[in-house]
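Undergrad: Quick note: the sequence shown uses my numbering, first residue 6, plus one each step.
Take this structure first; my questions come after.
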Amino acid sequence: MTTPQPSTRHRFVVLPDDDGRRLDQALAARVPDLSRRQARVLLELGGVFVDGARTKVAGRLVRKGMVVVANVGGGLRRATKEVGAAARAKDDAALPAYRVVFEDPDLVVVEKPSGLLTAPTPEGDRGTLAHSLGRALGPIFVVHRLDLETSGLLVFARTEAANRFLSELFRVHDLDREYVAVVAGAAAFEARDVDSPVVGKRALTRMTVIERIGDRATVVRCRLETGRTHQIRVHALAIGHPVLGDRRYGGPLPEGLSAPPRLCLHAARLGIRHPRSGEALSFDSPLAADLEGWLAAARTP
Numbered sequence: 006m007t008t009p010q011p012s013t014r015h016r017f018v019v020l021p022d023d024d025g026r027r028l029d030q031a032l033a034a035r036v037p038d039l040s041r042r043q044a045r046v047l048l049e050l051g052g053v054f055v056d057g058a059r060t061k062v063a064g065r066l067v068r069k070g071m072v073v074v075a076n077v078g079g080g081l082r083r084a085t086k087e088v089g090a091a092a093r094a095k096d097d098a099a100l101p102a103y104r105v106v107f108e109d110p111d112l113v114v115v116e117k118p119s120g121l122l123t124a125p126t127p128e129g130d131r132g133t134l135a136h137s138l139g140r141a142l143g144p145i146f147v148v149h150r151l152d153l154e155t156s157g158l159l160v161f162a163r164t165e166a167a168n169r170f171l172s173e174l175f176r177v178h179d180l181d182r183e184y185v186a187v188v189a190g191a192a193a194f195e196a197r198d199v200d201s202p203v204v205g206k207r208a209l210t211r212m213t214v215i216e217r218i219g220d221r222a223t224v225v226r227c228r229l230e231t232g233r234t235h236q237i238r239v240h241a242l243a244i245g246h247p248v249l250g251d252r253r254y255g256g257p258l259p260e261g262l263s264a265p266p267r268l269c270l271h272a273a274r275l276g277i278r279h280p281r282s283g284e285a286l287s288f289d290s291p292l293a294a295d296l297e298g299w300l301a302a303a304r305t306p
């Protein structure tokens with residue numbers, strides 16, 4: 006099961022005694038439990054910022070008063086421990102495979118697997134779907150994201166103009182987004198609108214039951230009318246049926262149900278307008294194989 010790893014942010018100011026020291030040496034001296042080799046790996050991953058700028062040069066000399074931030078988390082733990090281009094290529098080769106659903110000069114639509122980050126984070130700018138697409142296709146613009154454990158459909162822009170257009174669609178929610186979730190317990194409704202704020206902002210999710218697995222779980226289709234962070238997960242918890250496999254908003258596993266392989270959430274439909282032609286584009290993605298296999302077993306009495 007993919008487990009999101011917590012990240013620790015270490016911030017320090019370069020002291021007079023460290024003036025003129027190599028950056029990797031300063032990191033090893035000031036970040037607890039970080040060796041010089043690990044510092045160099047973290048730098049190659051892009052998890053270090055100097056005076057607010059992402060920095061990858063281990064031999065850069067630091068100066069008194071510089072502010073250094075090291076983000077140590079799952080990215081470093083997952084990385085090959087060696088230093089250099091070959092090690093980072095090995096990391097890239099080990100990433101879960103994605104599938105391109107649609108591609109043209111303006112945009113690319115991709116099925117993201119669970120366990121693959123969408124885009125750069127403070128921990129690094131490698132090992133992400135955006136990074137892989139950029140290496141294959143050239144410049145890529147991140148329009149929206151899926152959580153690490155969530156699978157399904159994502160659109161990326163390939164030009165600045167397309168990025169502006171698609172970002173506006175997401176901002177005003179002039180698009181169609183549906184997810185499939187497996188939640189705990191037997192939902193008593195066939196269809197329900199959950200209109201409840203998320204982090205103080207209005208959020209509306211339209212839920213429709215697809216299937217009940219006895220009294221243990223319910224498969225629901227969730228249509229987003231707004232796009233708040235973790236909206237479906239928060240709303241599922243709010244109505245007493247948390248998404249199964251959710252370590253942040255979930256609850257105890259229902260009796261008689263085996264643990265799911267990961268968060269039971271899949272971005273199943275994406276409908277947008279093309280940034281150049283205005284044509285309506287719609288894409289559907291079947292439930293990911295790991296969740297489908299787990300559901301098949303769960304249906305067995």
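Quick reminder that beta carbons are idealized off the backbone N, C-alpha and C, glycines included.
For residue 165, count neighbouring Cβ atoms within 10 angstroms of its own Cβ and tell me buried if that reaches 16, exposed if not.
TA: Taking the sequence shown and counting its residues from 1, one reaches residue 165 at position 160. When all chains shown are included, residue 165 counts as exposed.
Undergrad: Shortest alpha-carbon distance to residue 242 belongs to which of 173, 44 and 212?
TA: The residue given as residue 242 occupies position 237 in the sequence shown. Answer by Cα proximity: 212.
Undergrad: I think residue 275 touches residue 174, with their Cβ atoms under 8 Å apart; what is that distance to the nearest whole Å?
TA: For the purposes of this step, residue 275 is identified with residue 270 of the sequence shown, where counting begins at 1. For the purposes of this step, residue 174 is identified with residue 169 of the sequence shown, where counting begins at 1. About 11 Å separates the two Cβ atoms, so there is no contact after all.
Undergrad: Rounded to whole angstroms, how far is the Cβ of residue 67 from the Cβ of residue 74, which I believe are closer than 8 Å?
TA: Stepping through the sequence shown from its first residue, residue 67 is reached at position 62. Stepping through the sequence shown from its first residue, residue 74 is reached at position 69. Their Cβ separation, rounded to whole angstroms, is 13 Å, which puts residue 67 and residue 74 out of contact at 8 Å.
Undergrad: What number of angstroms, rounded off, separates the C-alpha of residue 226 from the C-alpha of residue 189?
TA: For this step, residue 226 is matched to residue 221 along the sequence shown. For this step, residue 189 is matched to residue 184 along the sequence shown. Rounded to whole angstroms, residue 226 to residue 189 spans 14 Å at the Cα level.
Undergrad: Taking the straight line between their C-alpha atoms, what separation do you get for residue 111 and residue 141?
TA: Along the sequence shown, one-based indexing puts residue 111 at 106. Along the sequence shown, one-based indexing puts residue 141 at 136. Using only the alpha carbons, I get a separation of about 15 Å.
Undergrad: On the DSSP bridge assignment, give the partners of residue 212 in chain order.
TA: By one-based count along the sequence shown, residue 212 stands at place 207. Answer is 197 and 227, bridged to residue 212.
Undergrad: Please say whether residue 249 and residue 222 have beta carbons closer to each other than 8 Å?
TA: The count along the sequence shown starts at 1 and reaches residue 222 at position 217. The count along the sequence shown starts at 1 and reaches residue 249 at position 244. The answer is yes: Cβ separation under 8 Å.
Undergrad: Let me confirm a value: residue 16 is counted as buried when at least 16 other C-beta atoms fall within 10 Å, else exposed. Which label applies?
TA: The count along the sequence shown starts at 1 and reaches residue 16 at position 11. The residue in question, residue 16, is exposed, as its Cβ has fewer than 16 Cβ neighbours within 10 Å.
Undergrad: So residue 244 and residue 171 are supposed to be a Cβ contact under 8 Å. How far apart are they, rounded?
TA: If you number the sequence shown from 1, residue 244 lands on position 239. If you number the sequence shown from 1, residue 171 lands on position 166. Incorrect: roughly 31 Å between the Cβ atoms, too far for contact.
Undergrad: With a cut-off of 8 Å, do at least 3 Cβ pairs link the region 94-105 to the region 54-69?
TA: Segments in contact, no.
Undergrad: Tell me the rounded alpha-carbon separation between residue 236 and residue 301.
TA: Residue 236 sits at position 231 when you count from the first residue of the sequence shown. Residue 301 sits at position 296 when you count from the first residue of the sequence shown. C-alpha separation (whole angstroms): 27 Å.
Undergrad: Counting Cβ pairs closer than 8 Å, one from the region 128-146 and one from the region 192-201, do we hit at least three?
TA: These segments do not touch.
Undergrad: Between which two residues does the alpha helix (DSSP H) carrying residue 237 extend?
TA: Mapped onto the sequence shown, residue 237 falls at position 232. Where residue 237 is concerned, the enclosing alpha helix (DSSP H) stretches over 236-243.
Undergrad: In this structure, how does DSSP classify residue 304 when only helix, strand and coil are distinguished?
TA: Here residue 304 refers to the residue found at position 299 when the sequence shown is read from its first residue. The answer is helix: DSSP assigns residue 304 an H, G or I state.
Undergrad: Considering only the alpha carbon of each residue, which of 152, 265 and 291 lies closest to residue 233?
TA: Numbered from its first residue, the sequence shown carries residue 233 at position 228. Checked all of 152, 265 and 291; the closest Cα to residue 233 is 152.
Undergrad: Taking its Cβ as the centre, do 16 or more other Cβ atoms sit within 10 Å of residue 160, making it buried, or is it exposed?
TA: Within the sequence shown, the letter at position 155 stands for residue 160. So residue 160 counts as buried.
Undergrad: Determine the DSSP secondary structure at residue 264, reduced to helix, strand or coil.
TA: If you number the sequence shown from 1, residue 264 lands on position 259. Looking at residue 264 - three-state DSSP - the assignment turns out to be coil, as it is neither helix nor strand.
Undergrad: What is the rounded straight-line gap between the Cα of residue 37 and the Cα of residue 31?
TA: The residue you call residue 37 lines up with position 32 of the sequence shown. The residue you call residue 31 lines up with position 26 of the sequence shown. In a straight line, the C-alpha of residue 37 is about 11 Å away from that of residue 31.
Undergrad: When you compare only the Cα positions, how much space is there between residue 292 and residue 119?
TA: Here residue 292 is taken as the residue at index 287 of the sequence shown, counted from 1. Here residue 119 is taken as the residue at index 114 of the sequence shown, counted from 1. Using only the alpha carbons, I get a separation of about 12 Å.
Undergrad: Using the C-alpha atoms, what's the distance from residue 184 back to residue 209?
TA: Numbered from 1 along the sequence shown, position 204 holds the residue referred to as residue 209. Numbered from 1 along the sequence shown, position 179 holds the residue referred to as residue 184. About 14 Å.
Undergrad: Please classify residue 290 as buried or exposed, where buried requires at least 16 other C-beta atoms within 10 Å of its C-beta.
TA: The sequence position of residue 290 within the sequence shown is 285, counting from 1. By the 10 Å Cβ count, residue 290 comes out buried.
Undergrad: Since residue 95 is in the alpha helix (DSSP H), which residue starts that stretch and which ends it?
TA: Working through the sequence shown from its first residue, we reach residue 95 at position 90. From DSSP, the alpha helix (DSSP H) with residue 95 extends over 90-98.
Undergrad: Less than 8 Å between the CB atoms is what I'm expecting for residue 128 and residue 93, so what's the real figure, rounded?
TA: Residue numbering aside, residue 128 sits at position 123 when the sequence shown is read from its first letter. Residue numbering aside, residue 93 sits at position 88 when the sequence shown is read from its first letter. Residue 128 to residue 93, Cβ: 14 Å. No contact.
Undergrad: Can you tell me where the beta strand (DSSP E) with residue 178 in it begins and where it stops?
TA: Within the sequence shown, the letter at position 173 stands for residue 178. Element bounds for residue 178: n/a, residue is neither H nor E.
Undergrad: Among all the DSSP beta bridges, which residues are the ones paired with residue 34?
TA: For the purposes of this step, residue 34 is taken as the residue at position 29 of the sequence shown. Answer is none; residue 34 lacks a bridge partner.
Undergrad: Taking the C-alpha atoms as reference points, what is the distance between residue 260 and residue 271?
TA: For this step, residue 260 is matched to residue 255 along the sequence shown. For this step, residue 271 is matched to residue 266 along the sequence shown. Between residue 260 and residue 271, the C-alpha separation is close to 24 Å.
Undergrad: Quick check: the Cα distance between residue 269 and residue 247, rounded to an integer number of angstroms?
TA: On the sequence shown, position 264 is the one that residue 269 refers to. On the sequence shown, position 242 is the one that residue 247 refers to. Approximately 10 Å between the Cα atoms of the pair.
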